[in-house]
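Numbering (my numbering), first residue to last: 4 to 641. Just so you know, even glycine gets a beta-carbon here, dropped at the ideal spot from N, CA and C. Please read the structure below before turning to the comments.
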């Protein structure tokens, strides 16, 4: 990594570690080298509190220069006061980085094997009592999983922050769209993964191999305390892996894993990091340093055998933004939510009622040379803001966006989980993107970003090369995407808003709208003969667009129709099903499969016959809506 890159990235460390007030002091560790299995050596700084002849050790493995900790202090609130620590701290440079640059080999190193060698070396030292834990955010978190996978005998527990072990296609190409600024930053930090990514822009056997090699929940054989943030970009990596280790790691340990989700960004730029009160343009004072407090409680319980009640803490602790309170659960997603639909309307309103018109639609233009800009959110690149920022001026004031907004809420809308966006769309180009931003509109007009997502239309039928196909002008297509999980309460007097555009740049790659090569010249961000697209979102009762929100205790104002008025037969069905509704009015029919995917959507009056020959065997839900009323019945296909 170049020196200038390191200097520019200093904020990463201030995001990971609480800076000491004594800025003039410099820590002076014991400097040593640790021999790896191949004879190469890694540089190590060792901090032993005065008077501690032997004790538990916390290991930090970093690619960002161990020397930096000498300047700003140690993590977990220790700072410059090493002697106040109950733990010996060992910090190593990764093989190939900084003090360990000389250990690099021609073949890619195994971080996990190096981690195991490091743990084994520490365990053999006279100052170690054979209790070793690990700590660190981001890349420093991923390497903890890799180390645990190798199952070193003296590894006691791990505490990865904003990290999971996976290397997934969806992590880099969510819904087929490259996360441009994220990959640019990783390249700038010396990881150099863009050639591999750009050589594999669709899901293929390479991705199958890589994903399988980096997914190993059953190999995590020590207690794991995962810490994440609702504004972090690793949410959809962390949450599935936590659930996986709860069910797949050995029975002796799976009940000892814990998850903490705070109102935090990833860190790396500005004032927002895991454990800071300031996040973007908002403050969460009761979340300040809460991660450190719980991490120390975790380490104390497992490494110092202190009876502090950690073993009886909830499996999941999470921060409910809006209410700004800490909540607990035995699982994530939590139970008890009800999916509530909010429909897009022609006047850009957003509510729980089905549109009444059969032809409404809205159209806007998207110019790749003038993309809708990224402003806040789960970013990583140094020049971008992280966390919640007001979208109203920078994003929503532009002409290339639709903003669907509720009236001021008369009840709290308590969101816990993942919002699903269902849109009916069209374009005059062969390919284009649709980008979503979910915001919380405050009474003073601020439109604070909650989270976002992107969808590339050529991947609407799947992510492999064989799945991709161009769009035909004027043809209506489904665009369905899941936003990252979150926990936010839209308070009384606030509004829920959904921004629809066709770019969010540089967070996501700009679609050139040509339907051709997405990354010409092997570039993450090149434009070759880009076209302006005219993109359409349908807002009528034949082609409905809406979001489905998992809410707690929300009364939508939609009354249930009498089920006696809805008849579904034969049930179970073979080749067809008759659906009758005992009212002489047009109603809207939707049939969903067991995954919640819409199979059929149409209107009818009194009765309709549906051909079910091509339906797969299983359970379906038949839903009938009449203005602001709804009825559902189960349908079984033999």
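Counting C-beta pairs closer than 8 Å gives fewer than three between the segment 524–531 and the segment 402–409, which falls short of the contact rule.
Bounds of any alpha helix (DSSP H) do not take in residue 425; it lies within the beta strand (DSSP E) bounded by 423–430. The beta carbon of residue 380 is closer than 6 Å to those of 452 and 455 in its chain, skipping five residues each way along the sequence.
For the pair residue 186 and residue 135, the CB atoms are not nearer than the 8 Å cut-off. Separation of residue 307 and residue 462 (C-alpha to C-alpha, rounded to the nearest whole angstrom) is 51 Å. As DSSP reads the structure, residue 549 sits in a beta bridge with 346 and 425. A Cβ-Cβ separation of about 12 Å leaves residue 584 out of contact with residue 633 under the 8 Å criterion. Residue 332 and residue 524 have their C-alpha atoms spaced approximately 48 Å apart.
Annotation for residue 394: 378, 440, 442, 450, 452 and 502 place their beta carbon closer than 7 Å to its own, counting only its chain and skipping 5 residues before and after.
Its chain contains 36, 37, 38 and 106 as the residues whose beta carbon lies nearer than 7 Å to that of residue 44, once the 5 sequence neighbours on both sides are disregarded; these appear in chain order. The DSSP assignment places complete beta strand (DSSP E) segments of no fewer than 3 residues inside the segment 357–406 at 364–369, in order along the chain.
Within the same chain, and ignoring the five residues on either side of residue 466 in sequence, the residues whose Cβ sits closer than 7 Å to its Cβ are 172, 179, 205 and 206. Annotation for residue 224: no alpha helix (DSSP H) segment contains it, and DSSP assigns it neither H nor E. Ranked by Cα distance from residue 409, the first of 499, 127 and 577 is 499. Secondary structure at residue 435: coil, using DSSP grouped into helix, strand and coil. The beta carbons of residue 94 and residue 151 sit no closer together than 8 Å. Within the DSSP secondary-structure output, residue 286 pairs in a beta bridge with 281.
DSSP places residue 208 inside the alpha helix (DSSP H), whose first and last residues are 208–216. Sequence-distant partners of residue 420 (beyond 5 residues in either direction) whose C-beta falls short of 7 Å from its own C-beta, in its chain, are 336, 340, 488 and 553. The beta carbon of residue 311 is closer than 7 Å to those of 300, 303 and 304 in its chain, skipping five residues each way along the sequence. The Cβ atoms of residue 539 and residue 429 lie closer than 8 Å to each other. Scanning 437, 88 and 260 for the CA closest to the CA of residue 229 turns up 260. Across the set 343, 435 and 272, the C-alpha of 343 shows the shortest separation from the C-alpha of residue 418. By the neighbour-count definition (other C-beta atoms within 10 Å, threshold 16), residue 245 is a buried residue.
A Cβ-Cβ contact shorter than 8 Å links residue 362 with residue 543. DSSP, reduced to helix, strand and coil, places residue 615 outside both helices and strands of the structure shown, so it counts as coil. The alpha carbon of residue 270 has as its nearest neighbour, out of 231, 34 and 247, the alpha carbon of 231. Annotation: residue 593 to residue 160 spans about 49 Å, alpha carbon to alpha carbon. With a cutoff of 8 Å on beta-carbon distance, residue 433 and residue 473 are scored as near each other.
Residue 558 counts as exposed, since fewer than 16 other beta carbons sit within 10 angstroms of its beta carbon. Annotation for residue 251: the continuous alpha helix (DSSP H) segment containing it runs 238–251.
Our two residues, residue 468 and residue 519, have alpha carbons roughly 13 Å apart in a direct line. Residue 158 and residue 220 have their C-alpha atoms roughly 16 Å apart. Look at residue 314 here: in three-state DSSP terms it is helix. Burial of residue 235 is indicated by the presence of at least 16 other C-beta atoms within 10 angstroms of its C-beta. The beta-bridge partner set that DSSP reports for residue 626 consists of 593 and 635.
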